[in-house]
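Quick mapping for you: the protein sequence lines, in order, are chains A and B.
Following our numbering, the numbering of the first sequence begins with 717 at its first residue and continues without gaps.
Following our numbering, the numbering of the second sequence begins with 8 at its first residue and continues without gaps.
To start, the structure itself, in structure tokens.
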Amino acid sequence: MKSRLRLVSCIAWFCVLGSFVPHASNGFGQDQAAAPTPASIRVYPSEIKLNTSRDRQSFIVQAVFADGITQDATAQATVTLANAALVRQEGNMLYPVADGATELKIEYAGHSTTIPIVVEQAAVDRPISFRLDVMPVFMKSGCNMGSCHGAARGKDGFRLSLFGFDPEGDHFRLTRENSTRRINLALPNECLMVEKAAGKVPHTGGKRFEEGSEYYNTLIRWLEAGAPNDQGEVPKVVKVELYPENGVLDGEGSEQKLSVRATYADGTDRDVTSLAYFMTNNDNSAGVTQEGVVTAANRGEAFIMARFGTHTVGRQYIVLPKGLQFQFPETPENNYIDALVNAKLRKLRIAPSELCTDEAFLRRVYLDIVGVPPTVEEFDRFMAGAEPNKRDLLVDELLERKEFVEIWVMKWAELLQIREVPNRVSYKSAIRYYNWLQDKIANNVPLDKMVQELLASNGGTFANAATNYYQNETDTLKTAENVAQVFMGMRIQCAQCHNHPFDQWTMDDYYSFSAFFSQIGRKGGEDPRELIIFNSGGGEVTHPVGGRVMPPKFLGGDVPDVAGKDRRDVLVKWLASKDNPYFAKNLSNIVWAHFFGRGIIEPVDDVRVSNPAVNPELLEELGNKFTEYDYDFKKLVRDICTSRTYQLSTQSNESNASDEANFARAQLRRLRAEVLLDCISQVTLTKNKFPGLPLGARAVQIANGNTSTYFLTTFGRATRESVCSCEVKMEPNLSQALHLLNGETINQKMKQGNLIGLRLQEGKPWQDIMTEMYIAAFSRKPTEKEIAAINEILSSVDAAQHPQVLEDIFWAVLNSREFVFNH
Amino acid sequence: MLISIRSICRMVSCGVILLATCSASAFAQEKADEKITYDDHVKPIFREKCGSCHNTDKKTAGLDLMSYTAAMQGGGSGVVIEAGDSSASYLYDVVAHISEPYMPPNSEKLPNETLAILAKWIDGGALENSGSKPIARKKPKVSLSLTGAPTGRPEGDPPMPGPMLLEPVMTTTHRGAVTALATSPWAPLAAVAGQKQVLLYNTKTLELVGVLPFPEGTPHVLKFSRNGSLLLVAGGRGAYQGLVVLFDIKTGERITEIGDELDTVLAADISADQTLVALGGTSKIVKVYKIEDGQLLYEVKKHTEWIYALAFSPDNVLLASADRNGGLIVWEGINGREFLVLAGHGAAINGLSWRVDSNLLASCSEDTSIRLWEMENGSMVKNWGAHSGGCTSVEFALDGRIASCGRDRLTQLWNQDGAQIKAYDAFSDLALQVTFCDEANRIIAGDWTGTIRVWDAAEGTLVGELDSNPPRIADRITSATQAVEASKMQHATFVAAAEAAQTAANTIQTQLDAANKAVTDNQTLLDTAKAKVGEQQKAVETAAAAKAAADKAVADGEAELVTLNEALTKAKEAAANDANNADLAKAAEEAQKQVDAKTAAIVEAKKVVETAATDLKTAQDQLAVHQKEVETYTANVDTAQKQVVTLTESLKPAVEAAAAAKTAADTAAQAVTAAEAKLKHWQDALAFAEQAKVQASAAAVEANETADSSK
């Protein structure tokens, strides 16, 4: 009987509660397109160098309209060469004819621009190079992808190095591993490599390019030259540029041609548009063909990338509906965060949502800063407050509470993997490590100091608990990966075996960075559970291809002098400082992500060229502020929580309904496992008992990553087995819903706390009880409609059943999305 | 509706056939259109487009399109070809991109022409082969089998190519790597893999003696049969076709083709009794065929990697197979039962070779080693690191020595203990293939750049090179003609030089003779002059004596005159004193007379003196003249003698030079003869080739006529 009733009521309540889900509000009207006269034109590249007879360079003309919309005007522009005897023009491609300097004049819609051209060595034919000419063909044609010949064991009997990290080996495998099979210098057109790639014979990978195409001809030319290897050092690519710098495309189907230029260490450059591999991070909004043409699709933003050699560069493309008319609403800006977020939203033609209600703000800020909902008293006090800056005052107040520290100790404990590991990390070690961390956060030690102390630590894991970092992870390479991921937000693992396919990191970078951790000495202490970490002063990291000893080099930085020094000491002074361009930004992003449910770079520990920040200026500024604040993240939290952006409603409007990445509205966020349990406990007036903690301690306070309960595990508590941000699982799933509905936690806690029973005993009317319950769970009073609905149910049953009904309502409240989500 | 249209079409085409029988040529096109069959039209498409997955070995998704029966049977998704209805055929739907998964994967849609053929074939009832010849064309029977395995030198002359085409199939701008080399066990004959051809060279003269066309692609394996009468050529086009072809060494005739692989054949051998051919490659399966009818006898599927080497034992009992993983297995040749697994190599095995007694097998591998295995228990009896970087080829000579080459660019000769007998000059790149010519005792090896060198095995001296990319005959004739001209010009030059040298020698001789004569003449003159000097000296002496005598006479006379004058004076005084004294006067007169006489005598004497003085002077002058003559002639003799010495010295080299020039001229004459012979050789070869062409076309015409008449 009871369960049936509960089912009925719970369905009813979901219907009622469901109404809080945001609905799209009215947006902005659209008029027809304005007069098409561009405000300016942009021509890329800004200067052209043609060097040697086979060189060429494409140019791109982009018209920019007053409203920021861009249009590819390459084909329409009038192009004049000052001296046509030096340069030959075919479409938007320029070829050298004779040495000298001239100019290219581009005119379009009343605007005109001139770019200088220098032609050198026009009569010299640069000999074909395996690394410069042939390897890019394999990359572009996908031959050395992981699913093809780039696989560790190759494909169909033939292997290339993944994304071409080992050109020497690739040359060997093509020409001499099986000397008579893959190439045939006598009949270049008929050798297996060429016939397979051109689809003339069956090829598992299909036809990769046409006979007679540029790629085909490159291979043939290389074979005709005798399949030579490069002698000596070949100039490396030092820079890759992708043009145009950005685009705002007007309506589905608009196109923008791209041009990619690579600059080499010897100062020469080359148009590599045909050799670059193009990618988009959002082909729902803008797709890109392998010929380098961006095509707009649905409204949104895409990051278009070109990869050449080990370089990936990206450009932002915004796609707007055809002829969109948009007026950015007048919105107050509380601080720099709002200014930068709104600047981005203006570009996207997205209006931010309205400011959220005081109730919503109160609950949101409590859950985010201290990890518990406000009590009835706290609610009443805040709602009664009349100060115009009461929200700011509340933020300041909450930042001083110890729960704030506990939340961040928990988050750092996840990043530092504080947990007991059988036979390696003792419980005592883990606890001391946790206490060390708590001490640092509680005393507001600047994060750069904390990180420096942590990573440069020496001594026993008991005596100096920070050294636990090196007990948790004993593998040199893994340690380097963890440091990069946690403190710089970079996953460099890929580069262990091959150059990172979607980022700038090469194997050289990986092993050079790892070299900082190659001289960590470890020995047993007096207590068998203790490990002593020291600087052994010896030990090197070697490159797996060729076995070179790699000198320590900062990731993306210099090669420091480490002779006679503790390498970690040298590293931390760079790593946790403003010299490291990633440190402050990364930590700011981690903090940001806590309050918005997603990072400016998402996920926060996957910073890479191909996963760009949605708002780089904002991230940059947060990083600057963080540095300015002397790495006091409390100040950063204050900036964030007092910004209007943080305080936006979850209600969407027409323009921001489909956008989730640009912080135009607040996102619904499921409460994380520990916070949810603490909330349930607080609302149901119950206490928890966790191992090693007193009765009534909160789940947030659990020190050991290995301690968990069924509830916490189900709701995705981090096991701390890795440093990945994915350890904390925030996705709602069926077992969570079922556990809340039918599991032990809610039911038992309701019984245990007996809130309804207590209040009825106190003789409170049901309206008061319901109000208290609503404030405790939702930080708001029940609406008239809800009171009426409850009344209807109560009046339809005997008075004796009223406690039962009220309990059922309480149960439904705890099961509601409004309770389980932060909004 | 569709069907009815189709049947109308069919009726129309039937009508066309009826017409076609009346005038065959006019309607040949329509006739071809009518018969789309699996064998003639569809299988080639399947092979090219589907064969890499839907083949008999892989059977991806259970579908095998490589045989008609299997194709009609269908695959995991059921029947894929509904004869008579392409639109209901799953196969057609996926290749025509009507339904997913689109086939072939990752490729563009097949061209419309190809799709049209497939549709037509299915709609036409999916015939296996042309209706007029409903039964599969059987391969003609080939009988090459010997009674038992030949154990020694075959009787009679060892098989050498007779007059054979020498025109290469193609000549490329660059050379490819050397893919295969082989030598006949009994003849000075080497086979060299070229591009779409095999070249036969005489290993003694290093001359091209035959060209065997292999239009299927690159030959990867060359093996002479044990008696040297056949050459097995295996290879093909990568990822497209692989097969084995047997050639008759004497005639160059293509005897039979065996196997039908989807990728080039990487390993093959012919059994000693010439009844079986084994082949293998990237399918990882060793297939053994009967030569007689080309039918598959058995397959072995134990290898886990590409088959790299196959070798039948000389006694015809065993078959050894090796793979890219280092797997080496010995089978019973006749039935494919496993005999021994020879475990040891750690990397790809590139070559296998049996010792002639079949008791020892040599294998060479990328793991650098050459290993020798005995066949009792399959134990490894020897193992040595032969080539750093990997050993690419190994071959047993008949006498048990082992030739090998490897990635260290070296070619080496070993004895069976693994002791190096000889190492030959390193190549400039990886050495890939080696073979030992027992007849010529020469070792032949080829490298990555296509260079093939021939060394004297014992001495290690480089004998010459073989060309895997020989020029066309026309080019050879051009260059031979040029060579003839050049040699003739050279000859002429040499002859002229010889003549000039002879002339020079002759001139010297003449000069020498003249000098000798000058010596003699001057000597004579000198002698004469000397004699005259002697005479003249005597004359001078005589004249001097005469003058002295005359002088004396004058002096005496004057002295006497003085005395006489005194006497006269006294007489005159006395006469004067005694004027009357006649006696005295007479005496005075007498004295006067005496004085006068004396004075006269003195005058006379003085005249004599003068004469004598003149004579003396004359004599002295004469002497001086003669003395001068002596000096002159002495000098002349000296000069002449010196000349003689000089000329004599220069005469010898001049004579020698003349002789040498003569020899050179003679040699040049021989060179001219040789060049002319070579030119004639290639002209003959061209004539032979043209004749062969004429014969071939005549044969073709005849065959056509026969065929026509038989219709």
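Quick reminder that beta carbons are idealized off the backbone N, C-alpha and C, glycines included.
request  = Find the residues of chain A that neighbour B/N113, judging by a C-beta separation of less than 7 Å, and give them in chain order.
outcome  = Ordered by position in chain A, the residues that pass the 7 Å Cβ test against B/N113 are G921, G922.
message = Applying the 10 Å Cβ sphere with the 16-neighbour rule, what's the burial state of A/C1442?
response = Classification of A/C1442: exposed, given that the 10 Å Cβ count is below 16.
task = Compare the C-alpha of B/D673 against each of B/A512, B/V502, B/S395, B/L630 and name the closest.
result = Answer by Cα proximity: B/V502.
message = On the criterion of 16 or more Cβ atoms from any shown chain inside 10 Å, does B/I277 qualify as buried, or is it exposed?
response = So B/I277 counts as buried.
key: CB contact below 7 Å: A/A902 versus chain B   = Yes, contact with chain B.
query = Between B/A598 and B/Q627, what straight-line distance do the alpha-carbon atoms span, to the nearest angstrom?
reply = Each residue's CA atom was taken as its position, placing B/A598 and B/Q627 some 41 Å apart.
query = Of the choices A/F1233, A/I1249, A/D849, whose alpha-carbon is the least far from that of A/D978?
reply = The sequence shown places Ala at residue 978 of chain A, not Asp. Per the Cα distances, A/D849.
query = Where in the region 880-944 of chain A do unbroken runs of the alpha helix (DSSP H), each at least 4 residues long, occur, reported from the N-terminal end onward?
reply = Every alpha helix (DSSP H) stretch that sits fully inside the region 880-944 of chain A and reaches 4 residues is listed by chain position as 883-888, 908-913, 930-940.
query = Can you name, in chain order, every residue of its own chain whose Cβ lies under 6 Å from the Cβ of B/K429, other than the five neighbours on each side?
reply = Sequence-distant partners of B/K429 (beyond 5 residues in either direction) whose C-beta falls short of 6 Å from its own C-beta, in its chain, are L420, G467.
ask   = Since A/P832 is in the beta strand (DSSP E), which residue starts that stretch and which ends it?
value = Segment 827-836, the beta strand (DSSP E) holding A/P832.
ask   = Whose C-alpha, out of A/H887, A/L820, A/N799, is nearest the C-alpha of A/Q773?
value = Residue nearest to A/Q773 within the set A/H887, A/L820, A/N799 is A/L820 (criterion: CA-CA distance).
request  = Check each residue of the region 863-883 of chain A: if its Cβ is closer than 7 Å to any Cβ of chain B, include it; give the result in chain order.
outcome  = Contact annotation: in the region 863-883 of chain A, residues whose CB is within less than 7 Å of a CB in chain B are G873.
key: Rounded distance between the beta-carbons of B/F254 and B/L219, thought under 8 Å   = Right, the Cβ-Cβ distance comes to about 5 Å (below 8 Å), so this counts as a contact.
request  = Scan the region 182-204 of chain B for residues whose Cβ lies nearer than 7 Å to a Cβ of chain A and list them as they occur along the chain.
outcome  = Within the region 182-204 of chain B, the residues whose Cβ lies closer than 7 Å to some Cβ of chain A are R182, G183, A184, T186, Q202, listed in chain order.
Residues bridged to B/W455 (per DSSP) = Under the DSSP definition of a beta bridge, B/W455 lacks any partner.
ask   = What whole-angstrom Cβ distance do A/G880 and A/V953 have, given they're in contact under 8 Å?
value = In fact, because the Cβ distance is near 12 Å, the residues do not count as touching under 8 Å.
request  = Mind checking which residues open and close the beta strand (DSSP E) that includes B/T190?
outcome  = Looking at the DSSP string, the run of the beta strand (DSSP E) that includes B/T190 is 188-190.
Chain-ordered residues of the region 240-253 of chain B with a beta carbon less than 8 Å from chain A = Cβ contacts with chain A come from R244, G245, A246, Y247.
request  = Mark B/T258 as exposed unless 16 or more other C-beta atoms lie within 10 angstroms of its C-beta, in which case mark it buried.
outcome  = Per the 10 Å Cβ criterion, exposed.
Below-7 Å beta-carbon distance, B/G722 vs any chain A residue = Because chain B in this structure spans residues 8 to 718, residue 722 of chain B falls outside the shown range and cannot be described.
ask   = Quick one: what's B/V295 bridged to in DSSP?
value = In DSSP, B/V295 forms a bridge with B/A285, B/Y305.
query = Got a sec: is the Cβ-Cβ distance from A/P918 to anything in chain B below 7 Å?
reply = By this cut-off, A/P918 is an interface position.
query = Counting Cβ pairs, one atom from each stretch, are 3 or more of them under 8 Å apart for the region 1035-1044 of chain A and the region 1328-1343 of chain A?
reply = The region 1035-1044 of chain A vs the region 1328-1343 of chain A: no contact.
query = Exposed or buried, which one is A/Q792 when buried takes at least 16 other CB atoms within 10 Å?
reply = Counting C-beta atoms within 10 angstroms of its own C-beta, A/Q792 has fewer than 16 neighbours from the protein chains shown and is therefore classed as exposed.
request  = List the endpoints of the continuous alpha helix (DSSP H) containing A/W1124.
outcome  = Note, A/W1124: alpha helix (DSSP H), 1118-1131.
message = Residues in the same chain with beta-carbon distance under 7 Å from A/F1535, minus the five sequence neighbours each way, listed in chain order, please.
response = A1493, F1494, V1529.
DSSP beta-bridge partners of B/T263 = Bridge partners of B/T263: B/L253.
message = Could you check whether the Cβ of A/F1431 sits closer than 6 Å to any heavy atom belonging to the ligand ADP?
response = The ligand ADP is absent from the structure shown, which contains no ligand whatsoever.
task = Scan the region 422-439 of chain B for residues whose Cβ lies nearer than 9 Å to a Cβ of chain A and list them as they occur along the chain.
result = For the region 422-439 of chain B, the set of residues with a beta-carbon nearer than 9 Å to any beta-carbon of chain A comprises D436, L437, L439, in chain order.
task = Report the partner residues of B/A318 according to the DSSP bridge assignment.
result = BP columns for B/A318 point to B/A327.
Identity of the residue in A/L1393, A/Q1154, A/A1158 nearest A/Y1426 by Cα = Here the closest residue by C-alpha is A/L1393.
task = Using the Cα positions of A/R1079 and A/V1399, report the straight-line distance between them to the nearest angstrom.
result = C-alpha of A/R1079 to C-alpha of A/V1399: approximately 13 Å in a straight line.
ask   = Who are the neighbours of B/H352 on chain A, taking C-beta pairs under 8 Å?
value = Within 8 Å Cβ-Cβ: nothing; B/H352 doesn't reach chain A, min ~16 Å.
key: Collapsed DSSP secondary structure at A/W1482 in the structure displayed   = Correct three-state label for A/W1482: helix.
query = Ends of the alpha helix (DSSP H) at B/T121?
reply = From DSSP, the alpha helix (DSSP H) with B/T121 extends over 119-130.
query = So, is the C-beta of B/D121 closer than 7 Å to a C-beta in chain A?
reply = With the sequence shown as reference, residue 121 of chain B is identified as Thr, and Asp is not the correct amino acid for it. At a cut-off of 7 Å between C-beta atoms, B/T121 does not count as an interface residue with respect to chain A.
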